[in-house]
Each structure stands twice: as C-alpha cells, then as structure tokens.
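Engineer:
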Amino acid sequence: MQKRHWTRLTRICNQDCLFCLDKEAQNGTVLSMEEIESDLKKGYNANAERVILSGGEPTIHPQFIKIIKLAKKIGYEHIQVITNGLKLSDQKFFDSAVKAGLDEITVSIHGHTSALHDKLVRVKGTFVKALKTLKNSKKYPSLIVSIDICINKLNIRHLPEIIKTFIDAGFYEFDLLHIIPFGSAWENRKLLFFDIKKELPHLHKALDFSKDKKIHIWTNRLPAQYLEGYENLIQDPHKLLDEVKGRKKQFDDFFKKNKKIFCRGQRCQYCFLEKICADAEKLKKDGSLSSENSPKCIDAPVKKIRIKLEDIPGGRAIDMGKFIEFYIRERYFIKSLKCEKCEYFAECAGAPINLIREKGFKVMNLSN
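Residue 1 is where the sequence shown starts when you use the UniProt record's numbering, and the numbers rise one by one after that.
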C-alpha cells in the first residue's frame, strides 16, 4: 500500500452539508500556493507516494489545476481528490484535471435521489451535477473512481439502494463513513444520529454487496462490533494515526498545559476515539498503562505489557504516534454483540482488533 499524505487546499466549500465534520475549520479562505507547495514537499520528503487533495472543497481553489501539476512535478506517483463533484461536472474542467495528472477521484454522494442527497448537502441541484461528474469520468477508463457515503439517520435505510444505484451505473468502489460528533453533525445530531444496532439489517444488506469480488467497500470509523460476519471490512486500525495527527494540538495541550480535551463529555458515546482519549487521561494520571487482559474465551493468552509515560518520548507532549502504536497492539480490544450474554461481560475488554480482523469474531468461541 502506498504511503499517503493529505494536503488541504481550502477552508471553504460550495455545499453546506448537514453532517460536515470540518465546519469549525471553515473560514471562507483558500490556502496560498506557498503553503500548499510547502505541505506537498513535506509529505513527499516523508516518503509519501500518494497525495490526497482535500478541503473544504478542493476543486474551488483557483489554482487547482496548477496544484495537480505541481504535485506531479514534486514526484507524487498518485494524485487523488475528494470532491463533491460540482466543479468537475464541467467536462472541460474535468479534462484539464486529468490532463494535469489527476489519477483518482472520490465523489461524495449521500443518496440515490435528488431529494435525499440535496437535502443532506443543503444545495439544490447538486445530485444532478455529481452524476454528471461520474458520467464525465467514463471518458477515462484508467481513472480510479470511488464514492463516499456518510451514513446517517436520513439515509441508513436507503443504503442498500444507494449502493445498488451506483453499481448499476458502473461504479464499484465505496467508502462508507460513519457520522461523528463534530462540526455540523453535532449541531444536527437529533436529525442525523441513530442507533446502529436497530439498523443492522439495512447496514448488513448494504455490506452484502462486498461479497461480489468486483465490488470494493471500505468502512470508515464504523464501530467494529457491528461488522461481525464482515470482519474483512473492519477499518485498518492504523488509520487512527491519521485521526490523531489531525487533533495533535488538542492532545499536546492536554499533556503540556493540562487543558481538558474540549469535546470530552456528551459526545464521547458517539465517538470512535473515546477509548483513546480515556487511555490518554489514564496514562497521564497514573503514569503508565498495561495491556488489556486476555478474554477467557480465547485459547491463547495475550502477553501482558506495561508502558510508562517516560517510555513515550516527546517531552510532556509525548509522541502520540508511539502511543497509538501501543494502543492498537495492547489496548484496542473489541467485543462481539453476543458478548452481552456472557457472565464476564462487565470485566472483559474483548479481543485484540487485529486478531478479530484476521480470524473473525469466531475466535472468541462464543455460543449463539
């Protein structure tokens, strides 16, 4: 897998999504070419081969085509853009982007009808333009095209139909993003948040498409306990490194300045980072963390390891990369939904995430 680097081009967007997690970072500006070039070189010098251009909406940067050319000139092998598809619905603009060196587009489409998609992004006519972008991509067989879908209360019951709509149109790669408690999504939580357990039949029906070898589905921030039977779709836990890097200042302020992580509280029950934050607090308070205990239902015991605060260099800020590596290996344990019936449920943390990804929940020897 190619090492990736994310480069932000804008802090502005031409949509107003109900679930936008980046809302708090939007200030109506675009980054300067100097800032963008510096960031592109930073990623390349860190051995990244693939760059992902993001925003806001990256395509509305006035130098978007020039930025693609610059990324190629710097040496990136693969250039991807995550877009809502509005600008790329113009065939000439699309052609210019591909000619400049664009290798992959990820188009964010959250419904199978104008009524649903346009309601979620709060701009009329966007669904039609997103479809036009997909149509434009057909001109370039070598261009990789995928579709982002943010799963929420308004579209979860339509998810199988959404995926089928695009499969029928000839698109076979999907990234299913679970809604998270930040930005506009948190402001609109009563409208958007839902009980995944109650909607599992719809989720699993959508995931069934992945059984077709030509269909590729990825999950993003979707709690692993809801993927029993689909363990191959559990997100690579190393994606947490990217998530924590994006919140570096919050963790630095927590360890350096004793500043509470601002979002701790009501949001945590909906957040995929909840246990990481709890472990960071425990590490700071106690000065050390131990491996989770091996669950009684697994034949092979997990070797206990303890890490101390001083074992994670970086001054009082600590190296969050090393912390996350320890967390993934020794603390990122998950339970099956069936575990609720177990007499040890309250005291057990579950099984290591990578063991579940490799062998499935069946390794836990759970009864039906």
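Cβ atoms here follow ideal geometry from the backbone N, Cα and C, with glycine treated the same way.
(1) Does the beta-carbon distance from E26 to R8 come in below 7 Å?
(2) So, for H117: in the same chain, excluding its five sequence neighbours on each side, which residues have a beta-carbon less than 8 Å away from its beta-carbon?
(3) Run through DSSP, which three-state label would C13 get?
(4) Using only the alpha-carbon positions, how far apart do P295 and K335 sit?
(5) Only counting runs of 3 or more residues, tell me where the beta strand (DSSP E) segments fall wholly within the segment 323-356, in order along the chain.
(6) What number of angstroms, rounded off, separates the C-alpha of N368 from the C-alpha of A224?
(7) Which stretch, first to last residue, makes up the alpha helix (DSSP H) that contains D279?
(8) So R122 packs on C268, CB below 8 Å; how close in whole Å?
(9) I need the boundaries of the beta strand (DSSP E) containing T7, first residue and last residue.
(10) If you run the structure through DSSP and keep just helix, strand and coil, what is H158?
(11) To the nearest angstrom, report how far apart L192 and I180 are at their CA atoms.
(12) Name, in chain order, the residues that DSSP records as bridge partners for R306.
(13) Do you know offhand how far S96's Cα is from S288's?
(14) Apply the 10 Å Cβ neighbour rule to P141 and answer buried if 16 or more other Cβ atoms are within range, or exposed otherwise.
(15) By the DSSP assignment, the alpha helix (DSSP H) with L177 in it spans what residues?
(16) Cα-Cα, which of Y230, D90 and K41 is closest to R74?
(17) Give me, in chain order, the residues of the same chain whose beta-carbon lies closer than 6 Å to that of L227; leave out the 5 immediate sequence neighbours on both sides.
(18) Since H216 is in the alpha helix (DSSP H), which residue starts that stretch and which ends it?
(19) Just to confirm before moving on: does the CB-CB distance between I261 and C277 stay below 7 Å?
(20) First and last residue of the beta strand (DSSP E) that includes V363?
(21) Answer with buried or exposed for D299, where buried requires no fewer than 16 other C-beta atoms within 10 angstroms of its C-beta.
(22) My understanding is that Y327 touches P352, with C-beta atoms under 8 Å, so please give their C-beta distance in whole angstroms.
(23) Which residue or residues does DSSP assign as beta-bridge partners of Q269?
(24) Have a look at R189 and L176 and give me their C-alpha separation to the nearest angstrom.
(25) Under 7 Å between the Cβ atoms of V107 and I147?
(26) Out of curiosity, what's the CA-to-CA distance linking I356 and H204?
(27) Classify F78 as helix, strand or coil using the three-state DSSP reduction.
(28) In three-state terms, what does DSSP make of L189?
(29) Can you have a look at L159 and say buried or exposed, based on whether 16 or more other CB atoms are within 10 angstroms of its CB?
Structural biologist: Here's the rundown:
(1) First, the residue type needs correcting, since residue 26 is Gln and not Glu in the sequence shown. Against a cut-off of 7 Å, the Cβ pair of R8 and Q26 comes out as no contact.
(2) I109, H110, G111, T126, F127 and A130
(3) coil
(4) 10 Å
(5) none
(6) In this prediction, N368 scores a pLDDT of 49, lower than 50, which makes its location untrustworthy; the coordinate-derived value is nonetheless stated afterwards. Distance between the alpha carbons of N368 and A224: 19 Å.
(7) E274 to D286
(8) The Cβ separation is near 27 Å, so there is no contact.
(9) R4 to R8
(10) helix
(11) 10 Å
(12) S290
(13) 54 Å
(14) exposed
(15) It is not in any alpha helix (DSSP H) - L177 instead sits in the beta strand (DSSP E) that spans E173 to H178.
(16) Note on residue identity: the sequence assigns Ile, not Arg, to residue 74. Closest by alpha carbon: K41.
(17) L233 and I234
(18) Taken as a continuous stretch (DSSP letters only), H216 belongs to no alpha helix (DSSP H), being part of the beta strand (DSSP E) at H216 to N220.
(19) yes
(20) Unbroken run through V363: none, as it is neither H nor E.
(21) exposed
(22) Actually they are not in contact, since the Cβ atoms of Y327 and P352 sit about 11 Å apart, beyond 8 Å.
(23) BP columns for Q269 are empty, so no partner.
(24) 18 Å
(25) yes
(26) 18 Å
(27) Inspection of the sequence shows that residue 78 is occupied by His rather than by Phe. The answer is strand: DSSP assigns H78 an E or B state.
(28) A quick correction: the sequence has Arg, not Leu, at residue 189. Here R189 sits in helix by DSSP.
(29) buried
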